[in-house]
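Those sequence lines, one after another, are chains A and B. Numbering-wise, the first sequence is residues 1 to 328 according to the UniProt record's numbering. Numbering-wise, the second sequence is residues 1 to 328 according to the UniProt record's numbering. For each residue, glycine too, the CB sits at the ideal point set by N, CA and C. Predicted, not measured: the structure shown is a model, and the values here were computed from it. All remarks here apply to the structure that follows.
2 protein chains.
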Amino acid sequence: MSINFAEKTEFQFIETVRRRYALQKIGDDCAVLPKDSKTDLVITTDLLVEDIDFKLEWTTPEFVGHKSLAVSLSDVAAMGAKPVWAMLSIGVPEKVWKTDFVEKFYDGWFALANEFNVELIGGDVSKTSDKIVIDSIAAGETKRGKAILRSGAKAGDLIFLTGELGGAAAGLRLLEKGERYEKSKYKNLLLRQLKPNPQTEIGQILGAKNLATSMIDSSDGLVADLNHICRESKVGAKIFDDKIPDQFDLEKFHSLFNSSEMVNFSLYSGEDFELLFTVNPKKKFQVEKELKKHQISQIGSVTPNAGIIELISKGKSEILQAKGFRHF
Amino acid sequence: MSINFAEKTEFQFIETVRRRYALQKIGDDCAVLPKDSKTDLVITTDLLVEDIDFKLEWTTPEFVGHKSLAVSLSDVAAMGAKPVWAMLSIGVPEKVWKTDFVEKFYDGWFALANEFNVELIGGDVSKTSDKIVIDSIAAGETKRGKAILRSGAKAGDLIFLTGELGGAAAGLRLLEKGERYEKSKYKNLLLRQLKPNPQTEIGQILGAKNLATSMIDSSDGLVADLNHICRESKVGAKIFDDKIPDQFDLEKFHSLFNSSEMVNFSLYSGEDFELLFTVNPKKKFQVEKELKKHQISQIGSVTPNAGIIELISKGKSEILQAKGFRHF
């Protein structure tokens, strides 16, 4: 089949490439490969490009190092896997080499890697003519056949979410408005954008104890990510507006953002790197018990209406459109 | 230890990053990881950046796709491994998306992948602000503990090389002088630069039959690559000028290049992606028999003089300096 790439938007383009060329192992946060008789290897790669995924005037080299690994560890967590090793390719222009950027970048990368005992096994270092580029590769392990896919959700399953949403998008909006980390009183929101934390511990618990029927990380935005699960699982979803945990207090932030912006942050904005997962109702109490030290919210349930995502807000039902979000 | 990156040249910089941060698994063409009780996994990543590693006005999208995979398959071959799977991250600017570049790039990539039954298992697609960037990841398998490292050469071993050297550098020089592939009568030299072929078959034979004590691919230039083996194996090497197979006929090309340029091509220029390997003298005849369908040359031998590379030319001996070559 011949595809006319020129007619595609960015999001469609990515989907088109994935569909055309690849391939049975593509369609989850990580590829799953058999390792030995007891273990599967899950592996992911993420490309981060200066001025697309990060801006040097908004962040620090350490934060860029941290985020490069964090986005890949989030993919590993979304498979219910324990992270094991990583590779890192970095390309920097001459003018950046002459600074301590790379040293501080690696400091940030290793601080996160050491937290989860992730070993750097290889990589590449290259020159670029202008911008910094980073390719992050991370791998983890699950018990054989136990990686949590996007395709396992069943009608009647409960939908859970870790943490809170919208913080990364609010942080991005603040940065765009000129807010800078050093002097900010909104450091917690800026850190959600600049230095996100992967939900590695929760992912491992859900994987090791076989508690989730499907999982994805919230990197594209709640509705888009839920849509990925619905498409792969051939189901629908119903979610409740008042159950979705916003990261910010509407009252406190109404001077900074208008309320439609804030709804968009929670429903449609990505990069929070929380975990969205579905649970058989029989395992609800076990999930709540195993994750009692962590913030999790039951935000809705899986329906048999394939491809339909319904939002219940103040007693009214609304069908949501999946909007793709990828880059700022 | 604090490193002042600003004082480093490009080559030293890469070595510094490798030394400071990493790490026992770094130092070969691929990292080696245990897979199961009978198998090791070898894995490599290579970053290719527009205008550093390739120029669009010199090449075709299909050649760039081919070369992206070829450089990684060459690393896999240098471990004596059979390639199995690959991942591919690509970042392209808006203006390139609007063309058929990506479609043709993947065509070139898949043509080579299919030749060796390499499966694409994942990847990432991103936007960039200006230049194309590609990160290529490839993995292969060897029998457990049988990956061929750089560190296994012993004094008395014979040094072998596949194919011929200097073609990629000559091709590059021609491109710099304005030669273009479409109309060129030197297509074979240009192809060595633009569309190199990994020595996948030879690498697998040497690995499966346990024939080489050390191996590397000739990506940095003969002397630099031999120096990597000598450093990792704590040995020296003696090579014979008249045994080194040049890709071009001096007579035929003396109007295009001067002779010192041509010596530099064969000794110091990289990207030929041939295999350089050492063999216990007892296995010399078995190597020649197993590889009788392939062009291989015995170019010298391993000496106990750690770190010293000696070139014998017209009966005279000369100690060579390792010059690093990485990018054009």
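Would you list the one or two residues that DSSP bridges to residue i?
| i | result |
| --- | --- |
| Leu190/A | Its beta-bridge partners do not exist; DSSP assigns none. |
| Lys143/B | Thr39/B |
| Pro304/A | None, per the DSSP bridge assignment. |
| Leu217/A | Before going on, a small fix: residue 217/A reads as Asp here, not Leu. Note: Asp217/A sits in a beta bridge opposite Leu275/A. |
| Lys316/A | Ser313/A |
| Gln298/B | Phe160/B |
| Met79/A | Looking at the DSSP assignment, Met79/A forms no beta bridge with any residue, so it has no partner. |
| Met87/B | Gly122/B, Ile137/B |
| Phe240/B | Ile312/B |
| Ala111/B | Beta-bridge pairing links Ala111/B to no other residue. |
| Leu33/A | Leu41/A |
| Leu56/A | Per DSSP, none; premise fails for Leu56/A. |
| Pro196/B | Paired residues: none, contrary to the question. |
| residue 365/A | No answer is possible for residue 365/A: the residues shown for chain A start at 1 and end at 328. |
| residue 331/A | Any property of residue 331/A remains undetermined from this structure, which presents chain A solely from 1 to 328. |
| Asp246/B | Leu165/B |
With the cut-off set at 8 Å, would you say residue i and residue j are in Cβ contact?
| i | j | result |
| --- | --- | --- |
| Phe105/A | Gly65/A | yes |
| Gly203/A | Gly270/A | no |
| Val223/A | Tyr268/A | yes |
| Gly140/B | Pro93/B | no |
| Ser214/B | Arg144/B | no |
| Ile205/A | Ile134/A | no |
| Ser136/B | Leu172/B | no |
| Val49/B | Thr162/A | no |
| Leu47/B | Ser126/A | yes |
| Leu190/A | Leu174/A | yes |
| Gly207/A | Thr278/A | no |
| Leu276/B | Leu320/B | no |
| Glu274/A | Ser218/A | yes |
| Phe265/B | Ile312/B | no |
| Ala147/B | Ser233/B | no |
| Ala78/A | Asp40/A | no |
| Pro61/A | Phe101/A | yes |
| Gly122/B | Ile229/A | no |
| Asp124/B | Thr99/A | no |
| Val118/A | Ala86/A | yes |
| Pro196/A | Ala169/A | no |
| Phe54/B | Gly108/B | no |
| Gly307/B | Arg150/B | no |
| residue 330/B | Lys209/B | In this structure chain B extends from 1 to 328, so residue 330/B is not present and cannot be described. |
| Val76/A | Ala138/A | yes |
| Lys131/A | Asp51/B | no |
| Glu318/B | Lys238/B | no |
| Gln247/A | Ser74/A | no |
| Val263/B | Leu211/B | no |
| Gln295/A | Lys243/A | no |
| Lys35/A | Lys35/B | yes |
Which bits of chain A does residue i rub up against, with CB to CB less than 7 Å?
| i | result |
| --- | --- |
| Lys130/B | Residue identity check: residue 130/B is Asp in the sequence provided, not Lys. Within 7 Å Cβ-Cβ: Asp130, Lys131. |
| Asp124/B | Thr45, Asp46, Leu47 |
| Ile143/B | Note that residue 143/B is Lys in the sequence shown, not Ile. Chain A residues near Lys143/B: none, gap ~15 Å exceeds 7 Å. |
For residue i, go through chain A and note every residue whose CB falls closer than 8 Å to its CB, in chain order.
| i | result |
| --- | --- |
| residue 345/B | Residue coverage of chain B in this structure runs from 1 to 328, which leaves residue 345/B outside it and unanswerable. |
| Asp36/B | Lys35, Asp36, Ser37 |
| Lys82/B | The premise fails here: Lys82/B is roughly 15 Å from chain A at the closest Cβ pair, so nothing lies under 8 Å. |
| Lys187/B | Result: empty, since nearest Cβ-Cβ is about 28 Å, beyond 8 Å. |
Residues of chain B with CB under 8 Å from residue i, in chain order?
| i | result |
| --- | --- |
| Leu33/A | Trp85, Ile121 |
| Lys289/A | In chain order: nothing, as chain B lies at least about 34 Å away. |
Using a Cβ-based criterion (distance less than 7 Å to any ligand heavy atom), does residue i qualify as near the ligand ATP?
| i | result |
| --- | --- |
| Gly65/B | As far as ligands go, the structure on display features none, and thus does not contain the ligand ATP. |
By the criterion of Cβ-Cβ separation under 9 Å, what are the contact partners of residue i in chain A?
| i | result |
| --- | --- |
| Lys283/B | Result: empty, since nearest Cβ-Cβ is about 29 Å, beyond 9 Å. |
Mind listing the chain B neighbours of residue i? Cutoff is C-beta to C-beta under 7 Å, in chain order.
| i | result |
| --- | --- |
| Lys195/A | None at all; the shortest Cβ gap to chain B is about 20 Å. |
| Lys146/A | Under the 7 Å cutoff, chain B gives no residues; its nearest Cβ is about 17 Å from Lys146/A. |
| Lys177/A | The contacting residues do not exist; Lys177/A stays about 21 Å from chain B at best. |
At 9 Å on the CB atoms, spell out the chain B contacts of residue i, in chain order.
| i | result |
| --- | --- |
| Lys183/A | What Lys183/A touches in chain B: nothing, since even the nearest Cβ is about 27 Å away. |
- Task: Decide if the region 298 to 306 of chain B is in contact with the region 154 to 163 of chain B; the criterion is three or more beta carbon pairs, one per stretch, under 8 Å apart.
- Result: yes
- Message: Under 7 Å, CB to CB, which of the residues in the region 46 to 78 of chain B have a partner in chain A?
- Response: Asp46, Leu47, Val49, Asp51, Ile52
- Chain-ordered residues of the region 297 to 321 of chain A with a beta carbon less than 8 Å from chain B: none
- Item | Under 9 Å (Cβ pairs) to chain A, residues found in the region 93 to 116 of chain B | Glu94, Trp97, Lys98, Thr99, Asp100, Phe101, Val102, Glu103, Tyr106, Trp109, Phe110
- Query: Which of the residues in the region 225 to 253 of chain A, read from start to end, lie with their CB under 7 Å from any CB of chain B?
  - Reply: none
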